[in-house]
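Reading through the structure tokens given below for one structure.
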Amino acid sequence: MSATALHERLSPPARAFAQSRLGLLIGGDRPEAADGRTFTTYDPGTGRAIADVPLAGGADVERAVRTARAALEDGPWATLLPAERGRLIGRLADLVEANAAELAELEALDNGKPVKYARMMDVTSAVQTLRYAAGWPTKITGETAPVSVPGAFCYTRRIPIGVCAQIVPWNFPLLMAAWKIGPALAAGCTTILKPAEQTPLSALRLGELALEAGIPEGVLNVLTGDGSTGALLVEHPEIDKVAFTGSTPVGREIARTAGGRLVPVTLELGGKSASIILPDADVRAAAAGTYSGIYFNSGQMCNANSRVLVHEAVFDAVVEALVRRMAKARLGHGLAEGTDTGPVVSADQHDRVREYIASGVDEGAELVAGGRSEGLADGGWFVEPTLFASDGSKDLRILREEIFGPVLVVEPFSDTEAIARRANDTEFGLAAGIWTKDLVGAHRLAHRLRAGSVYVNGWGRNDPAAPFGGMKASGLGREQGAEGLNAYLETQSVWLDLGAP
Ligand code: NAP
Ligand code: MG
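If you read the sequence shown in the working numbering, its first letter stands for residue 465, the second for the next number, and so on.
This is the structure in structure tokens:
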């Protein structure tokens, strides 16, 4: 089906938005970039341009930061009662839900993912995230500190950290935006959201919905742009907090800049997460969980299950079950009916994944299934779900480095005692998994794994109440849950001298 025909499948609201003049969102305005620069966002399913979007530069960053500062300090946001703040965030959740179909289509068009998953996963989870955040404002409490100073009374207040820069990636654009803005708004902060250049559309729509929900102008600003826009935000002296999700190299750079300015950062970075399939595991369930743990979203997940260590007793059975599932993958455009596997997000990402597949072959891994990236589903940046096997003796790049594509490496093991060390043998520490019927053994093993999340008999479970984040090179801090909220709060101790009794 031609690209034009596919785009005609968009519902009228999604088409109208994609074809509208797309501006930045600063306060209540939708300006072009001050210097008039733009960039193009593409449909990964066809490789064709969707729209031109402003590329925010220095003057735009300046204006957005000033606007967010004014909204923090002088605007109605500063004096809004907690219950009212919660109500507005809840209204935003309702509006995202009411516009779910349109947002899912925009996400499918811009990122390439199948629209049914965008709806089921991305939009639904974004709504849950915002609803969870809406409950927080009325529950942010200080403490009475049990001080031993005669005649003194001390209490703490939890106050918004200030103006935030929130930089998000392209794999779950709307959901990552919700993860960022939910707790920031709940805490009473104001923010500037910078979506990835590959996927700017849903963040711009989210910004509009926030205004429609009644969130005051200037509280949520959206600057589309590229890495230079993100860097300008991080460097800006009036930014009080930086939150970033993306690659480890960019995360390190952001941490260096923020460190120089002593600005707190939370970083949610890459991974090379291993699951361990023990000999007593339910092989069918383990293969199904592993399949979606790596091939969902075309492998573009920070917590992708990209290494699987399988006990030799069940190795062949697991590989066979995976290959059977892979044969059923229906590659196609995200808006086409029946698609369950979309393209990767960009030509760059396509090249990158292709190179990794070639390196796996060159370095002697066995290509068990998939591996093709040309001539698939006309025109887009497609890569087949790909499975490599290795005997555990080789030091492969595909075993060490984050690919961020649909490429899995399975390795057999026999020594169960040594398996935690092998799973931990990576610079990353985002997630890990265990498949077994021995629940005591599972907890023992989980406690030995250096990963921010450990999944037992499932992969990739998530909820706004559960902290998420990485150890080691996978990041700093946690998102979601109380910890996620705390990243947007400062503590102030107030002392009162009561005098001698
Ligand atoms: P990336 O460069 O880290 O991009 C993430 C976000 O940071 C984007 O909004 C990006 O803007 C922005 N950015 C880039 N350079 C910046 C800088 N110097 N200062 C501030 N912000 C900056 O990731 P990518 O290049 O799109 O993807 C490369 C690899 O990163 C992937 O292959 C994957 O391994 C990893 N990745 C991880 C995650 C995750 O969830 N942990 C998500 C995405 C990618 P632009 O997009 O406009 O450059
Ligand atoms: Mg795009």
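Yeah, the Cβ is synthetic: ideal placement off N, Cα and C, and Gly gets one too.
Here the structure is a predicted model, which means the values were calculated and not measured.
Proximal residues to residue 835 (C-beta, below 7 angstroms), its chain only, five neighbours per side dropped: Mapped onto the sequence shown, residue 835 falls at position 371. Closer than 7 angstroms at the Cβ level, and outside the excluded window around residue 835, lie 821, 848 and 850.
Of the residues 773, 689 and 576, the one placed nearest residue 764, counting alpha carbons only: Within the sequence shown, numbered from 1, the residue matching residue 764 stands at position 300. For the set 773, 689 and 576, the Cα lying nearest the Cα of residue 764 is the one of 576.
Simplified DSSP assignment, three categories, for residue 712: Working through the sequence shown from its first residue, we reach residue 712 at position 248. Residue state, collapsed to three classes: helix.
Identity of the residue in 612, 622 and 474 nearest residue 566 by Cα: Locating residue 566 in the sequence shown gives position 102, counting from the first residue. When each option's Cα is compared against that of residue 566, the closest is 474.
Nearest-angstrom Cβ-Cβ length linking residue 602 and residue 651, presumed shorter than 8 angstroms: Counting from one through the sequence shown, the residue named residue 602 turns up at place 138. Counting from one through the sequence shown, the residue named residue 651 turns up at place 187. Residue 651 and residue 602 do not touch by the CB rule: their CB atoms are close to 12 angstroms apart, not below 8 angstroms.
Three-state secondary structure (DSSP) of residue 693: Within the sequence shown, numbered from 1, the residue matching residue 693 stands at position 229. It is helical.
Of the residues 760, 520, 647 and 542, the one placed nearest residue 557, counting alpha carbons only: As a first step, residue 557 must be located in the sequence shown, where it is residue number 93. Of 760, 520, 647 and 542, the residue nearest in Cα terms is 647.
C-beta atoms of residue 596 and residue 929 nearer than 8 angstroms: Translated into the one-based positions of the sequence shown, residue 596 becomes position 132. Translated into the one-based positions of the sequence shown, residue 929 becomes position 465. A contact, by the Cβ cut-off of 8 angstroms.
CB-CB length for residue 505 against residue 662, believed under 8 angstroms: On the sequence shown, position 41 is the one that residue 505 refers to. On the sequence shown, position 198 is the one that residue 662 refers to. The C-beta distance from residue 505 to residue 662 rounds to 7 angstroms, short enough to fall under 8 angstroms.
Contact test: residue 868 Cβ vs the ligand NAP heavy atom, cutoff 7 angstroms: In the sequence shown, counting from the first residue as 1, residue 868 sits at position 404. Flag set: Cβ of residue 868 near the ligand NAP.
Which of helix, strand or coil DSSP assigns to residue 907: Taking the sequence shown and counting its residues from 1, the one referred to as residue 907 is at position 443. Helix.
Near the ligand NAP: residue 656 beta-carbon under 7 angstroms from a heavy atom: Here residue 656 refers to the residue found at position 192 when the sequence shown is read from its first residue. No, since every heavy atom of the ligand NAP falls outside the 7 angstroms radius drawn around the Cβ of residue 656.
Between the CA atoms of residue 782 and residue 752 - distance to the nearest angstrom: What you label residue 752 is simply residue 288 of the sequence shown in a count that begins at 1. What you label residue 782 is simply residue 318 of the sequence shown in a count that begins at 1. Here the alpha carbons of residue 782 and residue 752 stand approximately 9 angstroms from one another.
Cβ shell of residue 642 (< 7 angstroms), same chain only, five flanking positions each side left out: Residue mapping note: residue 642 aligns to position 178 of the sequence shown, counting from 1. Cβ contact annotation for residue 642 (same chain, cutoff 7 angstroms, sequence separation greater than five): 590, 593 and 594, in chain order.
Between the CA atoms of residue 599 and residue 727 - distance to the nearest angstrom: Numbered from 1 along the sequence shown, position 263 holds the residue referred to as residue 727. Numbered from 1 along the sequence shown, position 135 holds the residue referred to as residue 599. Approximately 27 angstroms between the Cα atoms of the pair.
Closest residue to residue 606 among 532, 845, 526 and 619 (Cα-Cα distance): Mapped onto the sequence shown, residue 606 falls at position 142. Closest option to residue 606, Cα to Cα, is 619.
Neighbourhood of residue 712 by C-beta, 7 angstroms cutoff - its chain only, sequence neighbours within 5 removed: On the sequence shown, residue 712 is found 248 positions in, with the first residue counted as 1. Within the same chain, and ignoring the five residues on either side of residue 712 in sequence, the residues whose Cβ sits closer than 7 angstroms to its Cβ are 733, 734 and 937.
Burial state of residue 519 (16 or more Cβ within 10 Å): Mapped onto the sequence shown, residue 519 falls at position 55. Burial call: buried.
Pair within 8 angstroms by beta-carbon distance, residue 825 and residue 817: If you number the sequence shown from 1, residue 825 lands on position 361. If you number the sequence shown from 1, residue 817 lands on position 353. Not closer than 8 angstroms, so no.
Spatial neighbours of residue 962 in its chain, beta-carbon cut-off 6 angstroms, leaving aside the 5 residues before and after: For the purposes of this step, residue 962 is taken as the residue at position 498 of the sequence shown. Contacts found: 615 and 617.
Where the alpha helix (DSSP H) through residue 594 begins and ends: On the sequence shown, position 130 is the one that residue 594 refers to. Looking at the DSSP string, the run of the alpha helix (DSSP H) that includes residue 594 is 588-598.
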